[in-house]
Amino acid sequence: MKTAIGQTNALYPSLTLLIGARVNGKPNFLTVAHAGVIDETHLMISLAATHHTTQGILEHREFSVNIPDSSLLEETDYCGIVSGKKTDKADLFTVEYGDLEYAPLIRECPVSMECRVTQTMEQGRYLIFIGEIRMTYADDGIRGGRTIDPERLRPILFAMSTRGYYGLAGRLGNAWDVGMNLPLREREASSHEGRSNLRSVF
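For the sequence shown, counting from 1, position 137 maps to 137 in our numbering; every step adds exactly one.
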């Protein structure tokens with residue numbers, strides 16, 4: 001039985017990222033867990049309008065998306081605690097650049113992407129940046145060709161409800177394949193299930 005728990009965003013856990021931008025001539029990084037896939041070459045990130053990093057993205061229309069692994073947990077959390085207005089967070093990492101001048105990359109992160117802003121939207125106190133991925137860089141130890149192995153990547157997942165970080169549990173099955181094991185009659189039956197088990201606590 002499910003219970004209504006209010007207007008709660010339950011799309012967690014989510015991937016924890018380090019977003020990079022140049023602000024006032026210096027590289028800066030911000031911890032972000034509000035991000036998503038749009039298509040094969042575009043992604044979105046949601047940042048508070050007041051963040052130091054946000055100002056750099058607005059000015060230069062470029063940013064980086066760096067995926068830290070579990071070995072960078074302390075550095076990743078720290079970048080979400082302190083502001084680049086007062087602290088040089090770039091000192092935590094080895095900063096490098098690809099083709100985009102205003103999208104600083106973190107060498108220690110196993111995956112980094114350079115992005116150029118194609119669209120900006122406002123939602124309350126947040127700015128949503130849609131970025132075109134111009135180039136992706138991945139450590140040799142986590143990839144096979146152009147494919148990244150999530151288990152070798154060891155990403156950091158974040159859950160707002162518990163304010164906790166988590167890791168992956170491992171591969172569960174093959175996409176567009178494991179579902180074919182379900183007998184047709186069971187699939188048909190499940191499509192007709194009602195909502196009688198839903199109730200509210202309000």
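For glycine and all other residues, C-beta sits at the position ideal for the given N, C-alpha and C. Predicted model only: the values in this text are computed from it and were never measured.
Which of helix, strand or coil DSSP assigns to residue i
i	result
LEU92	helix
ILE142	helix
PHE202	Bear in mind that a pLDDT of 44 at PHE202, under 50, signals an unreliable position, so the number given afterwards is only what the model happens to contain. Looking at PHE202 - three-state DSSP - the assignment turns out to be coil, as it is neither helix nor strand.
MET180	helix
SER161	coil
ARG154	coil
GLU108	coil
GLU188	helix
ARG207	Nothing about residue 207 can be reported from this structure: the residues present for the chain run from 1 to 202 only.
Whether residue i touches residue j by CB criterion (8 Å)
i	j	result
PHE29	LYS89	yes
LEU43	VAL65	yes
GLU96	CYS115	no
THR76	THR3	no
Sheet register partners of residue i (DSSP bridge)
i	result
GLY227	As displayed, the chain neither begins before 1 nor continues past 202, which places residue 227 out of reach and without an answer.
GLN7	According to DSSP, GLN7 bridges with nothing at all.
LEU255	No statement about residue 255 is possible, as the shown extent of the chain runs from 1 to 202 and does not include it.
TYR166	LEU157
MET113	VAL65, THR136
Go through the region 38-87 residue by residue and report every complete run of the alpha helix (DSSP H) that reaches 4 residues or more, in order.
-> Fully enclosed alpha helix (DSSP H) runs of 4 or longer: 52-60, 73-78.
Please determine if the region 19-28 and the region 101-111 are in contact, where contact requires at least 3 C-beta pairs separated by less than 8 Å.
-> Yes: at least three Cβ pairs fall under 8 Å.
Does the region 130-137 come close enough to the region 152-161 to have 3 or more Cβ pairs within less than 8 Å?
-> Touching, no, given that fewer than three Cβ pairs across the two stretches are closer than 8 Å.
Flag this pair as touching only if the region 49-67 and the region 103-122 have three or more C-beta atom pairs under 8 Å; answer yes or no.
-> yes
Inter-stretch contact at 8 Å, needing at least 3 Cβ pairs: the region 80-97 / the region 165-177 = no
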